[in-house]
């Protein structure tokens with residue numbers, strides 16, 4: 039890292055580090071997806087559930103940008119509506135597991151000793167359990183729908199944060215200034231929330247961005263196998279599953295549109311998360 | 015730096031001690047047999063008195079300070095008593111200990127940069143603890159912080175309040191640390207090598223400011239340093255430690271001019287001189303830790319005057335003249351030591 043910075047300095051002293059195009063492009067795509075998820079329902083040209091048997095399985099046209107599905111619903115509108123559900127699910131999972139994982143990580147790092155070791159073991163065990171399996175199990179027990187898999191995935195994703203954030207928090211808790219704050223009479227709660235949390239937050243955000251992509255895929259997968267969101271609600275995973283029958287009859291547009299949306303979103307968020315952690319790593 | 019600051023008003027000798035350490039022993043129970051780090055350290059600080067604790071690395075100076083703040087690791091076993099204002103430190107409850115640390119005493123560290131959160135501004139750093147512990151309102155604390163920074167000789171205090179630690183130089187940041195220590199109005203300051211990490215030219219400025227503040231407020235101070243010149247110049251009383259024990263203590267000027275212990279004399283002799291070019295004198299052998307020395311005098315293996323008695327029997331700290339010395343031959347070798355120190 040140091041050598042790169044030094045080379046940059048000798049070649050062009052005034053120039054900052056080169057523009058990270060991957061970071062820029064991925065942030066634009068992520069922002070666009072977030073925007074569409076937020077306002078999609080208002081700009082959708084058709085109702086997502088309005089069927090028109092006469093206009094079934096149409097290809098892309100001026101009226102139906104992405105064509106129509108087997109019962110004549112506008113795929114573009116359904117993708118827009120689906121973005122809301124898919125992104126909301128991923129957002130809830132990321133937010134919930136982020137809070138849970140970070141809280142666990144800081145608590146573990148602050149406590150140290152056997153509490154830290156015990157929590158680590160528990161988290162390691164949770165790592166061994168595939169997320170989808172737990173989500174499917176939750177749907178089987180509590181019934182298919184939005185919340186059962188979303189909450190299950192929230193819990194499964196927590197160790198993913200806890201592992202990374204804990205190591206940063208341990209380092210932070212060992213800093214001399216933390217002891218100084220303790221001597222100054224500040225409560226553990228205050229030191230953890232105002233100082234440790236704040237200093238590990240960039241790492242949490244980078245983790246969250248990466249987790250968003252995986253959460254979206256996992257939630258879509260649960261819907262795909264019919265244990266998540268139920269029809270006729272539009273959700274990307276559900277749309278991919280819905281369109282399978284029409285692929286054989288030569289109208290792959292529904293599965294394709296939803297599939298491409300998933301891929302683009304996940305790749306964009308993963309790249310963004312990767313660039314953010316790299317940047318963060320450089321700054322440390 | 016020498017004689018930069020006049021010794022303050024001499025402390026009232028009859029006043030009860032603010033900090034009273036008696037027979038302090040610290041053992042580290044990390045292995046068997048336990049390692050002795052400090053033994054039989056006795057020192058007291060009266061209100062307004064500043065005491066210099068001098069010794070080389072590993073002599074137990076910092077450990078003594080840590081013990082006084084009750085900051086030792088959990089596997090350290092402490093013997094003897096440490097009292098602050100008549101209350102034993104080891105008997106304090108959790109909340110009393112927190113109050114003692116955050117109200118009665120203040121600690122200034124060697125490295126100010128490590129002791130500030132790089133993500134928080136100077137203003138927040140200064141204000142946070144007194145506000146969080148309910149000593150002042152935010153407005154009062156801000157005013158006091160700015161006032162203290164100005165007293166520290168930081169002219170553009172208001173602007174500094176909004177800056178981050180990395181924007182300040184080491185000397186400036188150490189002044190901020192001194193201000194932070196004074197925020198809650200402690201009665202005793204522990205200064206653990208407060209100027210060691212600083213540039214030589216900045217050291218004297220920071221030290222002068224620290225001493226000025228201490229004297230203005232009539233605070234007690236325990237200055238831990240390995241700079242005997244510095245300690246002699248700014249403190250009232252000197253305590254010289256070697257291998258975890260006190261070898262000599264006494265009035266700073268007397269001890270500096272007329273050392274009674276061979277170690278103190280050797281320390282004085284090994285100072286670099288700014289006026290004469292001479293080969294730097296060093297004490298032969300290497301510094302010993304408390305758990306390495308035998309039953310005799312801790313300094314016996316490196317002492318030019320050591321006899322069989324020194325190697326077998328440890329001398330007690332005893333009154334010689336006005337000071338206390340732990341040497342069997344303090345009286346007989348007094349003249350020779352003077353020669354050594356001046357050489």
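Residue numbers (my numbering), protein chains in the order written: chain A, 39 to 322; chain B, 15 to 357. Ideal Cβ placement from N, Cα and C applies to all residues, glycine included. It should be emphasised that the depicted structure is a prediction, and the values quoted were computed from it without experimental measurement.
Within chain B, no C-beta atom comes less than 7 Å from the C-beta of residue 314(A); the nearest is roughly 17 Å away. Residue 241(A) has a beta carbon lying at 9 Å or more from every beta carbon in chain B.
In terms of CA proximity to residue 166(B), 196(B) leads the group 59(B), 196(B), 327(B), 177(B). By the Cβ criterion, the segment 226-245 of chain B is not in contact with the segment 141-152 of chain B, since fewer than three pairs of Cβ atoms, one from each stretch, lie closer than 8 Å.
Under the 8 Å Cβ criterion, the segment 141-160 of chain A does not count as touching the segment 277-294 of chain A, having fewer than three qualifying pairs.
Listed along chain A, the residues sitting closer than 9 Å to residue 115(B) by beta-carbon distance are 220, 221, 222, 223. Within chain B, 133 have C-beta atoms less than 7 Å from the C-beta of residue 236(A), given in sequence order. DSSP links residue 113(A) through a beta bridge to no other residue. Non-local beta-carbon contacts of residue 355(B) in its own chain, meaning distances under 7 Å to residues more than five positions away in sequence, involve 273, 279, 282, 283 in chain order. Each of 184(A), 190(A), 168(A) was checked against the Cα of residue 176(A), and the nearest Cα belongs to 190(A). Chain B has a Cβ within less than 9 Å of the Cβ of residue 214(A).
Neighbours of residue 209(A) in chain B, taken as residues whose beta carbon is under 8 Å from its own, are absent, since the nearest beta carbon is some 13 Å off.
Below 8 Å, too few C-beta pairs join the segment 222-242 of chain A and the segment 166-175 of chain A to call them touching: fewer than three.
Residue 293(A) and residue 278(A) have their C-alpha atoms some 4 Å from each other. For residue 228(A), the closest Cβ of chain B is nearer than 9 Å. The alpha-carbon separation between residue 118(B) and residue 201(B) amounts to approximately 6 Å. For residue 102(A), there are no neighbours in chain B by C-beta distance under 9 Å, as the nearest C-beta there is about 52 Å away. Proximity of the segment 331-341 of chain B to the segment 254-264 of chain B meets the contact definition, three or more beta-carbon pairs being nearer than 8 Å. Burial check for residue 43(B): the Cβ neighbour count within 10 Å stays below 16, so the residue is exposed. Taken atom to atom, the span from the alpha-carbon of residue 34(B) to that of residue 98(B) is near 6 Å. Between residue 275(A) and residue 262(A), the beta carbon gap of about 4 Å places them in contact (Cβ cut-off 8 Å).
Residue range 90-98 is occupied by the beta strand (DSSP E) that includes residue 97(B).
Between residue 258(A) and residue 266(A), the alpha-carbon positions lie close to 8 Å from each other.
Of all alpha-carbon atoms in 209(B), 154(B), 91(B), the one lying nearest the alpha-carbon of residue 48(B) is that of 91(B). According to the DSSP secondary-structure assignment, residue 255(B) is paired through a beta bridge with 260(B).
In the DSSP assignment, residue 85(A) falls outside any beta strand (DSSP E), carrying neither H nor E.
Each of 307(B), 32(B), 344(B) was checked against the Cα of residue 326(B), and the nearest Cα belongs to 307(B).
DSSP places residue 155(B) inside the alpha helix (DSSP H), whose first and last residues are 152-165. Between the segment 66-81 of chain B and the segment 234-252 of chain B there are three or more inter-stretch CB-CB distances shorter than 8 Å, so the stretches are counted as touching.
Nearest C-alpha to residue 298(A) among 75(A), 62(A), 112(A), 117(A): 117(A). If only uninterrupted alpha helix (DSSP H) runs of at least 4 residues are considered, those enclosed by the segment 211-257 of chain B are 214-231, 242-248.
Rounded to whole angstroms, the gap between the alpha carbons of residue 253(A) and residue 313(A) is 19 Å. Within chain B, the residues whose beta carbon sits less than 7 Å from that of residue 233(A) are 131, listed in sequence order. Boundaries of the alpha helix (DSSP H) around residue 137(B): 136-146. Residue 245(A) holds the alpha-carbon nearest to the alpha-carbon of residue 140(A) among 245(A), 60(A), 223(A). At least one CB of chain A lies nearer than 9 Å to the CB of residue 112(B).
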